[in-house]
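Participant: Here it is, the structure, as structure tokens.
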Amino acid sequence: AQTVTQSQPEMSVQEAETVTLSCTYDTSESDYYLFWYKQPPSRQMILVIRQEAYKQQNATENRFSVNFQKAAKSFSLKISDSQLGDAAMYFCAYRSDGGSEKLVFGKGTKLTVNP
Amino acid sequence: NAGVMQNPRHLVRRRGQEARLRCSPMKGHSHVYWYRQLPEEGLKFMVYLQKENIIDESGMPKERFSAEFPKEGPSILRIQQVVRGDSAAYFCASSPQQGRTNEKLFFGSGTQLSVL
């Protein structure tokens with residue numbers, strides 16, 4: 001079974017600075033998808049960014065980018081120019097290619113943004 | 116176009132009672148997924164349903180839990196004879212079809228179940 005590990009329960013960053021959240025995963029599959037979700041206090045799960053494993057290019061969405069290292073099974077999220085609204089829980093998630101749509105989530109990292 | 120609607124937002128039950136959690140998917144979505152989030156944990160998959168069919172229930176506890184997605188009306192997650200360990204946030208997500216990615220997967224805001 002696949003597992004997702006987020007080794008940083010909590011992180012903090014100064015407003016306008018850059019922070020990197022770590023995520024590693026374990027799988028024997030070659031094709032899969034990786035995601036970062038944001039969960040603010042409202043509990044709404046918001047998709048931040050996704051990466052297809054067959055793509056070598058790292059995904060980027062505005063201030064959010066990933067460092068995908070397939071051989072190392074690492075998928076970190078970099079947030080540039082951090083804003084107060086970025087404060088939330090961040091979850092890394094894995095999905096197999098084909099078959100069920102279910103996601104496997106890590107335990108999350110709580111990000112605090114200091115003004 | 117309203118998002119995924121879950122109700123109630125908060126539900127309090129005493130041990131032994133039944134809990135019914137409702138999820139109305141986004142308009143045009145025929146696939147529904149239920150996840151459970153225990154305190155200090157990530158979301159864990161429970162069940163995947165299409166209209167009138169359970170596709171994958173590998174994450175559902177074998178007893179007391181059931182789910183349905185009828186032809187008409189919302190999807191229902193039912194927990195019978197609740198215990199304190201059932202206290203969690205239950206999330207529903209919907210998608211229009213089974214695609215290659217979760218790009219079109221939308222989550223509701225969850226139902227917080229508290230068992231006294």
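Here the protein sequences line up with chains R and F, keeping their order.
According to the working numbering, the first sequence holds residues 1 to 115 in order.
According to the working numbering, the second sequence holds residues 116 to 231 in order.
Just so you know, even glycine gets a beta-carbon here, dropped at the ideal spot from N, CA and C.
On a predicted model such as this, the values are computed, not experimentally measured, just so you know.
Report, in whole angstroms, the separation of the C-beta atoms of Val-197(F) and Ala-117(F), which I expect to be a contact under 8 Å.
Facilitator: Not quite, the Cβ-Cβ distance comes to about 29 Å (not below 8 Å), so this is no contact.
Participant: From what residue to what residue does the beta strand (DSSP E) around Val-104(R) run?
Facilitator: Counting along the chain, the beta strand (DSSP E) containing Val-104(R) begins and ends at 103-105.
Participant: What does Phe-180(F) touch in chain R if you count any residue whose Cβ is under 8 Å from its own?
Facilitator: What Phe-180(F) touches in chain R: nothing, since even the nearest Cβ is about 16 Å away.
Participant: Quick check for students: name the residue ranges of the beta strand (DSSP E) that lie wholly in the region 168-205 of chain F, counting only runs of 3 or more.
Facilitator: 168-171, 180-183, 190-194, all fully within the region 168-205 of chain F.
Participant: With DSSP as the reference, label Asp-86(R) as helix, strand or coil.
Facilitator: If DSSP states are grouped into helix, strand and coil, Asp-86(R) belongs with the helices.
Participant: Mind checking who Glu-61(R) pairs with in its DSSP beta bridge?
Facilitator: Paired residue(s): Phe-64(R).
Participant: Check each candidate in Ser-145(F), Arg-151(F), Arg-179(F) and name the one with the smallest Cα separation from Ile-170(F).
Facilitator: Ranking the options by Cα distance to Ile-170(F), first place goes to Ser-145(F).
Participant: Closest to Glu-183(F) by CA distance: which of Gly-174(F), Glu-167(F), Ser-173(F), Gln-195(F) is it?
Facilitator: For the residues Gly-174(F), Glu-167(F), Ser-173(F), Gln-195(F), the minimum Cα distance to Glu-183(F) belongs to Glu-167(F).
Participant: Suppose only complete runs of 3+ residues qualify. What are the beta strand (DSSP E) ranges in the region 121-146 of chain F, listed by chain order?
Facilitator: 125-128, 134-139, all fully within the region 121-146 of chain F.
Participant: Report the three-state DSSP secondary structure of Lys-78(R) (helix, strand or coil).
Facilitator: Lys-78(R) falls in the strand class under three-state DSSP.
Participant: At a Cβ threshold of 8 Å, is Glu-172(F) touching chain R?
Facilitator: Judged by the 8 Å Cβ criterion, Glu-172(F) is not in contact with chain R.
Participant: Per DSSP, Gln-39(R) forms a beta bridge with which residues?
Facilitator: Answer is Met-89(R).
Participant: For Asp-26(R), which residues from the same chain have a beta carbon less than 7 Å from its beta carbon, with the 5 sequence-adjacent residues on both sides left out?
Facilitator: Correct list, in chain order: Gln-2, Thr-3, Lys-73.
Participant: Can you say whether Ala-88(R) is buried or exposed, counting buried as having 16 or more other CB atoms within 10 angstroms of its CB?
Facilitator: Flag for Ala-88(R) reads buried.
Participant: Measure from the C-beta of Ser-65(R) to each C-beta in chain F and report whether the shortest distance is under 8 Å.
Facilitator: No, Ser-65(R) lies away from the interface with chain F (no Cβ there is under 8 Å from its Cβ).
Participant: Which value, in whole angstroms, describes the spacing of the CA atoms of Gly-85(R) and Ala-93(R)?
Facilitator: The alpha-carbon atoms of Gly-85(R) and Ala-93(R) are separated by roughly 21 Å.
Participant: May I ask which residues mark the beginning and end of the beta strand (DSSP E) holding Thr-27(R)?
Facilitator: Per DSSP, Thr-27(R) belongs to no beta strand (DSSP E) and is neither H nor E.
Participant: Under 8 Å Cβ-Cβ, which residues of chain F neighbour Phe-116(R)?
Facilitator: Because chain R here runs from 1 to 115, residue 116(R) falls outside it and cannot be looked at.
Participant: Quick one: grab the DSSP three-state call for Ala-72(R).
Facilitator: Correct three-state label for Ala-72(R): coil.
Participant: Cβ atoms of Ser-190(F) and Val-147(F): under 8 Å apart, would you say?
Facilitator: Taking 8 Å as the Cβ cut-off, Val-147(F) and Ser-190(F) qualify as a contacting pair.
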